[in-house]
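Notes follow the structure.
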Amino acid sequence: MTESFEAFPEVVFADATYKLLDLRLPVYVLMTEDGNGQSEIAAIGLLVNEEEVTLRWFFETFKKKNPISAQTRVYVTDKDMKERNVIKQVFPNSALTICLFHTLRTFNREITCDKRNITPNERDTVKEVIQSIVYCKSEMEYNNLYQHLKTIAPETVMEYYNKNWHLIRDEWVIGMTYMTGNFMNKTNNRLESFNGKLKSVISCFSTLENFVEKLFIVLKCIRLERDKNAVKLVQKHPIQMSQTPELHKYYDLLTPYAYNFLKKQFEYDEESITKNTTENTCSCIFYNSMRLPCHHIFKVRKQSLTPLFDPDLCEKRWTRNYYYKTQRVFQNVEVAVSDSDTTVTTLYRKKKKVPTTHEKFRKATLIGAKISELISQASNVHFYRKIEQLECIYNNWLKGHEVSIQVLDVDNDVTDDVENEDLGNYNRQDNYPDNDVVYGNDKTTDAGCSENINNQDVDNDVTDDVENEDLGNYNRQDNYPDNDIVYGNDKTMDAGCSENINNQGIKSIILPGKVRTCGRPKGAILTTIGLRRPRTKRTLAQKPETKIQKKGNRDIAVDPDEPTYCLCVQISYGEMICCDNDSCPIEWFHFSCVSLLTKPKGKWFCPRCRGDRPNKIKPKA
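For the sequence shown, the UniProt record's numbering begins at 1 and goes up steadily by one.
Structure (structure tokens):
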């Protein structure tokens, strides 16, 4: 932890998680971000409480053990006043920023109708303006929205806002927090993710011994994951590189995480240039937050014909060399620089897509339809035999057993003779001659069997007599002709014994408890601040025009000497129909214009005369 923090001390995320210990001790976690955007644990503390004295001891101890903490630029926390006051006192040179999620949630909790004595409309209007203020990118934009807020917000809301938020706007307005150099981190999601992993492994209200044991397991797993990502950074290289020489050089210089940010700025097309932009520095929020060259710097360099590639523009923490030196997996290994001219051929195996339940159902339905068609064409003797085989397979699948099918040679002539001989005497009162169904674990089967189906247990790989219980309900005096289903296996085993083994195996499996995830659930109706989530309207497929509509909409050259008819004010063409209303001003209509294919049997009135009743005249007003 000390080495990770010493290498990347610029930004620290601080938060506490609860209900992990039976002693009710809050677990306080400090986290940093490395050069490849990965999270590293800087410190973990078990505090008796969250009083100011306890927090002061924790941060002072952390500062004493880590002198490099003097170089920390910003702490990302929630809006806990005690915690924030202690950090300001212990680290006076560090800036404080409030997590975006906690900011919006606090506004949602405090600006309510009951607490501020306002109406729901006033509440929603104020929240919309405050949400826009949170996402402001500059001081000027903030001042404009603040003046607008003063004109629409009630006095109680403005009193709360000015007292708790206006004076510390540089700690929660997104554009102003970026100026502190927080590497574009708006939330504490890194810490929330780590806390979720802790709670997925450590049970709630665990003992101290159990907590410490599971904690080191989680830390080891997280470090292995980070080491794997670091090794992947060295071993894997992209197949297609950028054709721009400057971008290719920046890729070799920076880690992939930092390179992706720089690439977007390099390919940016906006024409705006800030006032304080030079060839090496800029006053925009991206440069101050990431300490990487922005699109303003690249544009100034293009205009001044200065080389676009300059290693001094990038902060040292984002470089590959610094990352290799500080990453623990490379401490005893020398990283060789790869030759960019070497051609490597990589073969990719296409991954199979996992089918959905609907896709599985469709595929099974197609196979089932083929089986049904094949069985329906079979003779009666073969039909009932195959039905019994399918029922056997279904019953075993229903119990969770696997079924193996062995195809045997069969003399079709013999079965045909049996069929012709017994077909006349075939009785559906469950009297089937020549039955060769073997119940139990029998090793011998009839010579005329065509298939041998063995039921196998999925878990223990032991076939048990799964059909003894189900088929016991059938009439044992029934005889099925030419039935060749064999239930059981070569090894004799009692069905109840096998079921007991399976039950014991299932009961011995301990599943982890369900962990409540942090944050808002996906698909929530309300946003974090409490406003309704805007729904994107689905584009409905437009119904194609019918032939009748196309005909009715066509333009026909009208002779000024010929009389015009219908709603389309066209001459007489095609089939027409007359309105049965004697006072109709138009009288004649084209079939296509009134959506008719044939002449109706009864009376017919035009759309102007009928209203909503096609067979009656619209009543006069």
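From the three backbone atoms N, C-alpha and C, an ideal C-beta is built for every residue, glycine too.
Cβ contact annotation for residue 129 (same chain, cutoff 8 Å, sequence separation greater than five): 145, 148, 149, 152, 153, in chain order. For residue 316, the CB contacts under 7 Å within the same chain, skipping 5 residues up- and downstream, are 322 in chain order. Excluding five sequence positions before and after residue 251, the CB atoms of its chain that fall closer than 6 Å to its own CB belong to 259, given in chain order. Between residue 202 and residue 20, the C-beta spacing is below 7 Å.
Within the DSSP bridge table, the entry for residue 324 names no partner.
Per DSSP, residue 39 is one residue of the beta strand (DSSP E) stretching across 39-46.
In this structure, the straight-line span from the alpha carbon of residue 105 to that of residue 226 is close to 31 Å. With the rule of 3 Cβ pairs closer than 8 Å, the region 83-101 counts as touching the region 53-63. Rounded to whole angstroms, the separation of the alpha carbons of residue 300 and residue 292 is 15 Å. Boundaries cannot be given for residue 135, as no alpha helix (DSSP H) includes it and DSSP labels it neither H nor E. Between the region 135-144 and the region 106-115, the count of Cβ pairs shorter than 8 Å is below three; the stretches do not touch. Taking residue 283 as the centre and dropping the five residues before and after it, the same chain places the C-beta of 274, 275, 276, 277 closer than 8 Å to its C-beta, in chain order. Beta bridge pairing from DSSP links residue 15 with 29. For residue 590, the pairing in a beta bridge is given by DSSP as 576.
By alpha-carbon distance to residue 82, the top candidate from 100, 217, 55, 402 is 55. For residue 206, DSSP records a beta bridge to 21. Here the alpha carbon of residue 171 sits roughly 25 Å from the alpha carbon of residue 296.
Counting C-beta pairs closer than 8 Å gives fewer than three between the region 181-188 and the region 156-166, which falls short of the contact rule.
With contacts defined as CB atoms closer than 7 Å, residue 265 and residue 294 qualify as a contacting pair.
Between residue 394 and residue 355, the alpha-carbon positions lie close to 22 Å from each other. With fewer than 16 other beta carbons inside 10 angstroms of its own, residue 70 counts as exposed. Secondary structure at residue 402: strand, using DSSP grouped into helix, strand and coil.
Straight across, the Cα-Cα distance linking residue 46 with residue 26 is about 6 Å.
Taking each of 15, 281, 169, 288 in turn and checking the Cα distance to residue 192, the smallest one comes out for 15. Unbroken beta strand (DSSP E) runs of no fewer than 3 residues, entirely contained in the region 216-301, are not found.
When the beta-carbon positions are compared, residue 320 and residue 365 stay at least 7 Å from each other. Between residue 210 and residue 17, the gap from beta carbon to beta carbon reaches 7 Å or more. Residue 529 places its beta carbon less than 7 Å from that of residue 131. At a Cβ-Cβ threshold of 7 Å, residue 190 and residue 39 count as neighbours.
Straight-line spacing of the CA atoms in residue 574 and residue 589 works out to 10 Å.
The C-beta distance from residue 298 to residue 22 rounds to 57 Å, too long to meet the 8 Å contact threshold.
Of the other Cβ atoms in all chains shown, fewer than 16 fall within 10 Å of the Cβ of residue 207; this residue is therefore exposed. Closest in C-alpha terms to residue 24, from the list 13, 48, 41, 12, comes 48. Shown here for residue 304: not one same chain residue has a beta carbon closer than 6 Å to its own, the five before and five after excluded. Taking the C-beta atoms as reference points, residue 253 is found nearer than 7 Å to residue 311.
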